[in-house]
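In the numbering used here, the protein residues as written are 333 to 471.
A virtual CB, placed ideally from N, CA and C, is assigned to each residue, including glycine.
Small disclaimer: the values here were computed from a predicted structure and weren't measured.
Notes follow once the structure below has been shown.
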Amino acid sequence: MAATCPFNHIDHVGVAVKDIDAALRLFQEVFGAPPSEVEVLEDQGVRATLVEVGQTRLELLEPLSNESAVGRFIERRGEGLHHLALNVNDIAGKLKALDERGIRLVDREPREGLSGAIGFLHPASVFGVLTELVENDRG
Numbered sequence: 333m334a335a336t337c338p339f340n341h342i343d344h345v346g347v348a349v350k351d352i353d354a355a356l357r358l359f360q361e362v363f364g365a366p367p368s369e370v371e372v373l374e375d376q377g378v379r380a381t382l383v384e385v386g387q388t389r390l391e392l393l394e395p396l397s398n399e400s401a402v403g404r405f406i407e408r409r410g411e412g413l414h415h416l417a418l419n420v421n422d423i424a425g426k427l428k429a430l431d432e433r434g435i436r437l438v439d440r441e442p443r444e445g446l447s448g449a450i451g452f453l454h455p456a457s458v459f460g461v462l463t464e465l466v467e468n469d470r471g
């Protein structure tokens, strides 16, 4: 049986933080991460940055308000691992195939994110892990 959603590699790991500047400073000073630019993603309610770490990346996410998805996440669970992002080809096709298979989706259509075209799978369908599919030129 063919896989419904094969992926190329882990694109990044998302980490929810209260203070992105402090988190970025820690990763740079303690772990030697290179500088990275923080962007505001109003539609997602976050300040975010992608930190290159070897062959993968960390996405640091600071909520713009407590009402944003990341703000609610931190309120319920505290800072920490937010999501796992898998790099795929044909994200639109993958989301459609997953939907047809009965996988619960957050996004039925790809949307633009910090790392390229993205779409989220609901954690209830992936053993409690919010999973992001990403299509970009890193595939």
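{"Query": "Leu356 versus Ser400: straight-line alpha-carbon distance, rounded", "Result": "21 Å"}
{"Query": "Top-ranked residue by Cα proximity to Leu382, from Gly445, His454 and Asp422", "Result": "Gly445"}
{"Query": "CA-to-CA distance, Arg436 to Val349, given in whole angstroms", "Result": "26 Å"}
{"Query": "Rounded C-alpha distance that separates Leu396 from Val347", "Result": "15 Å"}
{"Query": "Under the three-state DSSP convention, the category Ile352 falls into", "Result": "helix"}
{"Query": "Closest by C-alpha distance to His344, when choosing among Val402, Phe363, Leu418 and Gly460", "Result": "Leu418"}
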